[in-house]
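Some notes on the structure that comes next.
Residue numbers (the UniProt record's numbering): 1 to 107.
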């Protein structure tokens with residue numbers, strides 16, 4: 001299965017599908033959208049109001065990967081469920097994230 005990331009010179013571009021207003025915040029796994037795009041599926045408790053879910057997504061992923069929130073930036077999808085994020089990452093972090101997504105894609 002393809003992974004929802006593109007490696008860049010200074011990190012990664014990650015495609016995420018967010019489900020807001022969930023009872024539990026968690027990463028559900030990697031899935032393929034109807035258009036064939038791979039996405040990381042994430043559930044968040046924040047509502048999709050005034051950027052709350054976007055801020056919660058940045059905070060959740062930063063906490064999950066133990067990186068500063070400033071290292072995670074929303075590139076597109078501000079009002080959509082599918083979002084693209086830039087993650088500033090050195091080679092070790094890129095490898096760690098890629099390995100985790102690879103494991104999630106095969107679960």
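A virtual CB, placed ideally from N, CA and C, is assigned to each residue, including glycine.
As the structure is a computational prediction, the values presented were derived from the model and not from experiment.
Rounded to whole angstroms, what's the CA-CA distance from residue 93 to residue 57? Just pull it up for me.
18 Å
Pick out whichever of 61, 72 and 68 has its Cα sitting closest to the Cα of residue 41.
61
Quick check on the burial criterion: 16 or more other C-beta atoms within 10 angstroms. Buried or exposed for residue 102?
exposed
Proximity of residue 2 and residue 38 at Cβ, strictly below 7 Å
yes
Based on the DSSP secondary-structure assignment, which residues constitute the bridge partners of residue 73?
86
Could you have a look at residue 96 and say whether DSSP puts it in helix, strand or coil?
helix
Pick from 5, 30, 69 and 78 that is closest to residue 52, judged by C-alpha positions:
78
Can you look up residue 16 in the DSSP assignment and give me helix, strand or coil?
strand
Counting only the same chain and skipping the five closest in sequence on each side, list residues whose C-beta sits under 6 Å from that of residue 32.
38
Local Cβ density within 10 Å of residue 66, reported as buried at 16 or more and exposed below that
exposed
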